[in-house]
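Shown next, in C-alpha cells, is the structure this report addresses.
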Amino acid sequence: MKHSGSGKILRISLALLLPLGLTLLVSCETGGTFARQGGGFGNAPDQEGGATLERDLKLGQGERIFRKNNLEHLAIGRNRIEIQQLMGPPDGRSLDGGNGYLWDYRRPIYDEASDTVYAWSLVSFKFLKGLCAYVNVRLEHPPVQLTEGEPALEPGQ
C-alpha cells in the first residue's frame, strides 16, 4: 500500500513539472522580449531583403521610423521627459483647453496593418498630470509641395 501512494505522487508531480518545464524552455528561447527583432519604438523592419526603408523613402540619415502600434500602446503612462528623450523636442506645444498639454510631432510612422511607412505622420501626445494620457497618430504622406519642391512663380502672379 505504501508503494501505490508514492507512485500517485510521482505521476502528479510529473504532470505538473512537465508543462512548467516546457514553458520555461520556450520562454528562455524567445530572449525575453515582447517585440519582434528591431521592434522597439523605432526601427521598422527591413521588408525588401536588403533594400532599407530609409533608402526607399530618402529619409535623413539619422531619422528614425516609429511603429504606430508601439507608440499608441507603449507611450501611455510615460512622463514628458521620457517622451522628449524618445521623440526629441516637439514641433508644436499647446494647451488642451482643459487641464492637459498637447505635444505634436511630424515623424515617419510604419503602419503594420497596411505595411506602409507614412513619412509625414502627425503624432500627438496628450499629457494629464505630467503623464501621457493618450496618443493620436494621423498617418499622412508629405504634401506634394514638400516632395517636389515649390514651382517657380511667373511674374504677374
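Numbering of the sequence shown is given in numbering that gives the first Met the number 0, commencing with residue 0 and proceeding in unit increments. Ideal placement from N, C-alpha and C gives every residue a C-beta, glycine not left out.
Option in the options with minimal Cα separation from residue i
i, options, result
"Y100", "E81, G129, R106, S113", "G129"
"L127", "I11, I64, Y104, N78", "N78"
"S93", "S123, Y109, T115, A112", "S123"
"E62", "V136, G97, Y109, A14", "Y109"
"V116", "C131, R137, I80", "R137"
"T118", "T146, G91, N98, D95", "One point to set straight first is that residue 118 is Ala, not Thr, in the sequence displayed. Closest by alpha carbon: T146."
"I75", "N135, I11, R10, H140", "N135"
"G97", "G91, D114, K125", "K125"
"L73", "D103, H140, C131, I64", "C131"
"W102", "S113, L85, A112", "L85"
Residues that DSSP places opposite residue i in a beta bridge
i, result
"L101", "S93, K125"
"L130", "N78, L127"
"I108", "F65, Y117"
"R137", "L121"
Residue i classed as buried or exposed, judged by whether at least 16 other C-beta atoms fall within 10 angstroms
i, result
"D70", "This sequence places Leu at residue 70; Asp is not what is there. Counting Cβ neighbours within 10 Å, L70 comes out buried, since at least 16 surround it."
"L133", "The residue you asked about is not Leu; residue 133 is Tyr in the sequence shown. Its Cβ having fewer than 16 others within 10 Å, Y133 is exposed."
"K67", "buried"
"V143", "exposed"
"I82", "buried"
"S157", "Coverage of the chain is limited to positions 0 through 156, which leaves residue 157 absent and any answer about it impossible."
"H8", "For the sequence presented, residue 8 should be read as Ile rather than His. Answer is exposed; the Cβ neighbour count stays below 16."
"R106", "buried"
"I80", "exposed"
"A14", "exposed"
"R88", "The residue you asked about is not Arg; residue 88 is Pro in the sequence shown. P88 is exposed by the Cβ-count criterion."
"I11", "exposed"
Residue i in three-state terms, based on DSSP
i, result
"E47", "For E47, the predicted model reports a pLDDT of 40, less than 50, meaning its position is unreliable; a value from the coordinates is still stated below. E47: coil per DSSP, three-state reduction."
Contact with chain B by residue i, beta-carbon distance below 9 Å
i, result
"L94", "In the structure shown, chain B does not exist; there is a single protein chain."
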